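Below is one structure, written out as structure tokens; the observations come after it.
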Amino acid sequence: MPETPTLLLVDDDSFVRRILKDVIAETGIELRLLEAADGEEGLAVAAREKPAVMFLDLFMPKKSGLEVLGAIKSVSPTTRVLVISSMDAEPVVEQAMAAGAVGFVGKPFHPLEIASAVRQALAH
Numbered sequence: 212m213p214e215t216p217t218l219l220l221v222d223d224d225s226f227v228r229r230i231l232k233d234v235i236a237e238t239g240i241e242l243r244l245l246e247a248a249d250g251e252e253g254l255a256v257a258a259r260e261k262p263a264v265m266f267l268d269l270f271m272p273k274k275s276g277l278e279v280l281g282a283i284k285s286v287s288p289t290t291r292v293l294v295i296s297s298m299d300a301e302p303v304v305e306q307a308m309a310a311g312a313v314g315f316v317g318k319p320f321h322p323l324e325i326a327s328a329v330r331q332a333l334a335h
């Protein structure tokens with residue numbers, strides 16, 4: 212029996228994490244959900260848990276999302292990172308993708324965008 216994939220939500224806004232958890236629960240995709248409230252905690256959880264997918268905010272205390280992207284491959288090389296940010300200008304998206312993100316979802320997001328991004332990341 213295959214192991215349930217882990218999805219790590221890294222965002223300093225607890226409301227965004229709660230909304231993401233609710234949206235993901237409604238997709239019907241079976242996932243083990245973990246949370247981290249800042250980039251530093253996110254890296255520590257990723258190193259320990261090796262999540263299949265990570266939703267990562269760009270602007271957080273302690274470590275930014277770009278700093279986490281720079282370090283994630285050394286602590287959890289198979290984690291596929293989806294950036295979620297209100298800063299969705301083209302240069303920011305390009306920078307995140309160049310740093311290793313496999314997808315980008317702008318805030319505010321639509322539940323279908325989240326479901327699609329998770330499915331694509333899991334299939335990637």
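So the number in the numbering used here is just where the residue sits in the sequence shown, counting from 1, plus 211. Glycine residues also receive a C-beta, built at the ideal position from the N, C-alpha and C atoms. All values derive from a computational prediction rather than experimental measurement.
Going by beta-carbon coordinates alone, are residue i and residue j separated by less than 7 Å?
| i | j | result |
| --- | --- | --- |
| A247 | V256 | yes |
| A310 | L280 | yes |
| G253 | V221 | yes |
| F315 | V304 | yes |
| K336 | S297 | Outside the modelled stretch of the chain, which goes from 212 to 335, sits residue 336, for which no answer is possible. |
Does residue i come within less than 7 Å of chain C when only Cβ atoms are used?
| i | result |
| --- | --- |
| E251 | Looking at the structure shown, chain C is missing, and only one protein chain is on hand. |
Along the chain, where does the beta strand (DSSP E) containing residue i start, and where does it finish?
| i | result |
| --- | --- |
| L245 | 243-247 |
| I295 | 291-296 |
| L269 | Per DSSP, L269 belongs to no beta strand (DSSP E) and is neither H nor E. |
Specify, as a first and last residue, the run of the alpha helix (DSSP H) that residue i falls within.
| i | result |
| --- | --- |
| F226 | 225-238 |
| K284 | 276-286 |
| P302 | 301-309 |
| A257 | 250-260 |
Less than 8 Å between the CB atoms is what I'm expecting for residue i and residue j, so what's the real figure, rounded?
| i | j | result |
| --- | --- | --- |
| L231 | E260 | Actually they do not touch by this definition, with Cβ atoms about 17 Å apart. |
| A332 | L269 | Contact doesn't hold; Cβ gap of about 17 Å is too wide. |
| R291 | V264 | 5 Å |
| G239 | M271 | Their Cβ separation, rounded to whole angstroms, is 29 Å, which puts G239 and M271 out of contact at 8 Å. |
| L245 | T217 | 6 Å |
| T215 | E237 | That belief does not hold up - the Cβ atoms of T215 and E237 are roughly 17 Å apart, past 8 Å. |
What did DSSP end up calling residue i once you bin it into helix, strand or coil?
| i | result |
| --- | --- |
| G314 | strand |
| P319 | coil |
| L219 | strand |
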